[in-house]
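Chains as they are written, first to last, in our numbering: chain F, 1020 to 1284; chain X, 14 to 274. Note that the Cβ used here is the ideal one computed from N, Cα and C, for glycine as well. First up is the structure itself, then whatever we jot down about it.
Written out as C-alpha cells, the structure reads:
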C-alpha cells in the first residue's frame, strides 16, 4: 500500500515495466553483498570482526548440517507465531470494538496508550516470576509487546470506514452487530492485514529479548552464544536467516492481502 | 402508507451553543407520491432527510409512518446518499442483495430473483459482476437506488442523489428516476438544490427557507411527462420554474459570499 502512495506522488513511467522494477529490487539486495565482498576481500577490517561471505556461508551450511539451524529456526518461529497469534486474537477484535463504540474506546484507549509506552522488555522479570522460565514467559513477552500496537492501529483503521456506509447499512435493515461484523470489519480488513504485517516485525524484534530468558534453542539464543565465543560468522549467518524469515512472512501477508482484498489493491 | 411530519424542530448543541436548525416543519407524503424539498445550502435540508431516515432524533415534534413514530433507521425507509456509498468489496449484484441478506427474512431464491429484477430495472443486468470501482458515478448511483429498493422500503429518501454527477448524466439520471417512479410508483422524498430536478420529478415541491430552516412555500405540479426532454423546455415548465425561483429569491436574495456548508 505504501508503494502505491509513492507511485501516486512521484509517478515514474519506467517503473511500470516489471523487468525494470525487478532490476531495482535486485540491486537493492545485491549491492550491499557486493560491497561486503569487496571490503572483506580487501581485508580493510579484521576478518574476526567482519567475516567474509564464504565464511558466513560455511557457518550457515555447518549449522544446517548439524540440525542446529532447523532447531533454532523452528523454536524461534514457534515462539513468535504463538505470541503474535495471541496479540492478534486479542488485539484485533478489541481494536475493532474501540473504533466502533465510543464507550469501549473511552474505556480502553487511555490504558492501552499508557501501557504501549512501557517497554515490553521491562516486563521480563515480572513474567519470569509469574510464569517461570519455560516457553510461557517468552510467548507472553512477544504478545504483550505487540498487542497494544494491534489495538491502536486497528482502532485507527476503523475510523476510516465512511460514516455513510454504516448509515446506509442501518437503513437497509442491518443490526449493530451486523454493521460491526459485516461492514466495519470487512471494510477495514486490508488495513488490518497491513497492521498485522507491520506488527509482525515488532514480534520478531522482541524474540531476541525473549530468548535471553533461559532459552536453549532459538536464533536469538544462538546469536548470544556466538557472541560469547566471538563467532561473528555465526552471528552474521543467523542474522541472515532472521532477515529471510521476516521477508518471507512479509511477502505472505502481501499475498494474503491480494487474495482476500482484490478490491483494495 | 402515509408519511407524516408534524411540527418537527431540530436543535444542535446545548445551552449557549444551541443552534436551531429546523423549525416547525409540517408536511405529509401519501403512498405513491414523489415529494421534493428544495433549498440552498445551509437550509438544513440534509438534516431534515437524516431526521426522516431516523439517523437523527427530533428535538421537538414527531415523524410518523402509518401512525407509528420513527425512532431510528430501518428498512422501511431506504436511503440514497450523494456519494453512492456502495460496498467496495462486493460486486454490483452482491451490493443489491446485501440489504436483503441482512434482514434475514428473504429466502435465497427471493434474494436471487429480486436482485436480478432490480438490476434489470436500473439497466445493469449485464454488469452485475463488476466491482463498484470499475463503474461510472451514474452506474454506481443506479446500483445504490436498486439496492435501496430491493430491501423493500415503503419510502425512498434521496439526498442530492445526482449532485456529484456531470450535467448531462444528471439529466439522464433524472429521466431514469422519473421513469422508475412511473413504473414502480414508489413513494419518494427528494432533497435537492436543483429547481428543475424538483419540478421534473415531484408532484409536491416544498421550499425550505433558512435561519432556521422552515418550509416557506409549497407548490403542486401537474405536467405532461410524456417527453421529459421537451418538458424541460416547455413554456408551462419554464413558467413554473420561474415562479419557484422567485419564491426562493424572495426568502433569500442570492449573495456571492454565501459560504459552503
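For residue i, go through chain X and note every residue whose CB falls closer than 7 Å to its CB, in chain order.
{"i": "residue 1276 of chain F", "result": "Those within 7 Å of residue 1276 of chain F in chain X number zero; the least Cβ separation is about 12 Å."}
{"i": "residue 1223 of chain F", "result": "Chain X residues near residue 1223 of chain F: none, gap ~30 Å exceeds 7 Å."}
{"i": "residue 1235 of chain F", "result": "By Cβ distance, chain X contributes nothing, its closest Cβ being about 46 Å from residue 1235 of chain F, past 7 Å."}
{"i": "residue 1197 of chain F", "result": "115"}
{"i": "residue 1205 of chain F", "result": "102"}
Could you give the C-beta distance for residue i and residue j, rounded to a whole number, given that I count them as a contact under 8 Å?
{"i": "residue 109 of chain X", "j": "residue 184 of chain X", "result": "About 24 Å; that fails the 8 Å criterion."}
{"i": "residue 1102 of chain F", "j": "residue 1147 of chain F", "result": "Between residue 1147 of chain F and residue 1102 of chain F the Cβ distance is about 16 Å, and since that is not below 8 Å, they are no contact."}
{"i": "residue 253 of chain X", "j": "residue 213 of chain X", "result": "Wrong, their Cβ atoms sit about 10 Å apart, outside the cutoff."}
{"i": "residue 50 of chain X", "j": "residue 202 of chain X", "result": "7 Å"}
{"i": "residue 161 of chain X", "j": "residue 92 of chain X", "result": "6 Å"}
{"i": "residue 1249 of chain F", "j": "residue 1066 of chain F", "result": "About 12 Å separates the two Cβ atoms, so there is no contact after all."}
{"i": "residue 168 of chain X", "j": "residue 90 of chain X", "result": "5 Å"}
{"i": "residue 1279 of chain F", "j": "residue 1208 of chain F", "result": "7 Å"}
{"i": "residue 1173 of chain F", "j": "residue 1110 of chain F", "result": "7 Å"}
{"i": "residue 225 of chain X", "j": "residue 57 of chain X", "result": "7 Å"}
{"i": "residue 40 of chain X", "j": "residue 78 of chain X", "result": "In fact, because the Cβ distance is near 13 Å, the residues do not count as touching under 8 Å."}
{"i": "residue 1238 of chain F", "j": "residue 1092 of chain F", "result": "6 Å"}
Out of the options, state which residue places its alpha-carbon closest to the alpha-carbon of residue i.
{"i": "residue 238 of chain X", "options": "X:205, X:204, X:206, X:247", "result": "X:247"}
{"i": "residue 1256 of chain F", "options": "F:1040, F:1057, F:1089, F:1065", "result": "F:1089"}
{"i": "residue 88 of chain X", "options": "F:1186, F:1072, F:1108", "result": "F:1186"}
{"i": "residue 240 of chain X", "options": "X:50, X:189, X:103, X:37", "result": "X:189"}
{"i": "residue 1190 of chain F", "options": "X:166, X:179, X:200", "result": "X:166"}
{"i": "residue 1152 of chain F", "options": "F:1232, F:1250, F:1254, F:1242", "result": "F:1232"}
{"i": "residue 289 of chain X", "options": "X:49, X:18, X:45, X:126", "result": "The first residue shown for chain X is 14 and the last is 274, placing residue 289 of chain X beyond what the model contains."}
{"i": "residue 47 of chain X", "options": "X:225, X:176, X:196", "result": "X:196"}
{"i": "residue 1276 of chain F", "options": "X:102, X:225, X:257", "result": "X:102"}
{"i": "residue 1182 of chain F", "options": "F:1192, F:1170, F:1198", "result": "F:1198"}
{"i": "residue 1241 of chain F", "options": "F:1137, F:1080, F:1095", "result": "F:1095"}
{"i": "residue 249 of chain X", "options": "X:142, X:260, X:236", "result": "X:236"}
{"i": "residue 204 of chain X", "options": "X:37, X:255, X:65, X:112", "result": "X:65"}
{"i": "residue 1205 of chain F", "options": "F:1076, F:1283, F:1098, F:1107", "result": "F:1283"}
{"i": "residue 1229 of chain F", "options": "F:1252, F:1165, F:1203, F:1212", "result": "F:1165"}
{"i": "residue 177 of chain X", "options": "X:169, X:115, X:154", "result": "X:154"}
{"i": "residue 1105 of chain F", "options": "F:1085, F:1074, F:1167", "result": "F:1167"}
{"i": "residue 1202 of chain F", "options": "F:1093, F:1254, F:1179, F:1171", "result": "F:1179"}
{"i": "residue 1070 of chain F", "options": "F:1063, F:1059, F:1079, F:1080", "result": "F:1059"}
{"i": "residue 1195 of chain F", "options": "X:41, X:85, X:62", "result": "X:85"}
{"i": "residue 23 of chain X", "options": "X:117, X:67, X:116, X:173", "result": "X:67"}
{"i": "residue 20 of chain X", "options": "X:35, X:14, X:81, X:31", "result": "X:35"}
{"i": "residue 1135 of chain F", "options": "F:1107, F:1117, F:1170", "result": "F:1170"}
{"i": "residue 63 of chain X", "options": "X:38, X:230, X:172", "result": "X:172"}
{"i": "residue 1158 of chain F", "options": "F:1225, F:1215, F:1211", "result": "F:1225"}
{"i": "residue 1077 of chain F", "options": "F:1263, F:1266, F:1252, F:1259", "result": "F:1252"}
{"i": "residue 262 of chain X", "options": "X:107, X:73, X:220", "result": "X:220"}
{"i": "residue 137 of chain X", "options": "X:121, X:125, X:159, X:123", "result": "X:159"}
{"i": "residue 231 of chain X", "options": "X:151, X:32, X:256", "result": "X:256"}
{"i": "residue 245 of chain X", "options": "X:191, X:223, X:222, X:229", "result": "X:191"}
Kindly identify the DSSP beta-bridge partner or partners of residue i.
{"i": "residue 307 of chain X", "result": "Residue 307 of chain X lies beyond the residue range present for chain X, which begins at 14 and ends at 274; the question has no answer from this structure."}
{"i": "residue 40 of chain X", "result": "X:18"}
{"i": "residue 228 of chain X", "result": "X:221"}
{"i": "residue 172 of chain X", "result": "X:204"}
{"i": "residue 93 of chain X", "result": "X:171"}
{"i": "residue 24 of chain X", "result": "X:33"}
{"i": "residue 233 of chain X", "result": "X:217"}
Along chain F, which residues have their Cβ under 8 Å away from the Cβ of residue i?
{"i": "residue 88 of chain X", "result": "1190, 1191, 1192"}
{"i": "residue 235 of chain X", "result": "Under the 8 Å cutoff, chain F gives no residues; its nearest Cβ is about 31 Å from residue 235 of chain X."}
{"i": "residue 91 of chain X", "result": "1190, 1191"}
Starting from the beta carbon of residue i, find every residue of chain F whose beta carbon is closer than 9 Å, and list them in chain order.
{"i": "residue 144 of chain X", "result": "1281, 1282"}
{"i": "residue 66 of chain X", "result": "1186, 1189, 1190"}
Which residues of chain X have a Cβ atom closer than 9 Å to the Cβ of residue i, listed in chain order?
{"i": "residue 1181 of chain F", "result": "96, 98"}
Could you name the residues of chain X that residue i contacts, counting a contact when the two beta carbons are closer than 8 Å?
{"i": "residue 1150 of chain F", "result": "Neighbours of residue 1150 of chain F on chain X: none; closest Cβ ~41 Å, over 8 Å."}
Return yes when the C-beta of residue i is under 7 Å from any heavy atom of the ligand GDP, and no when it is not.
{"i": "residue 1220 of chain F", "result": "Although the ligand GDP was asked about, the structure shown includes no ligands whatsoever."}
Could you work out which residues of chain F lie near residue i, taking near to mean beta carbons separated by less than 7 Å?
{"i": "residue 2 of chain X", "result": "Shown here, chain X extends from 14 to 274; a query on residue 2 of chain X therefore has no answer."}
{"i": "residue 111 of chain X", "result": "1191"}
Next on the checklist: So within the segment 1209-1254 of chain F, which uninterrupted beta strand (DSSP E) runs reach at least 3 residues, ignoring any that extend past its ends?
Outcome noted: none
Next on the checklist: Which runs of the alpha helix (DSSP H) at least 4 residues long sit entirely within the segment 1045-1133 of chain F? Give them in chain order.
Outcome noted: 1072-1084, 1087-1119
Next on the checklist: Give the list of continuous beta strand (DSSP E) stretches no shorter than 3 residues that lie fully inside the segment 71-134 of chain X.
Outcome noted: 73-78, 90-93
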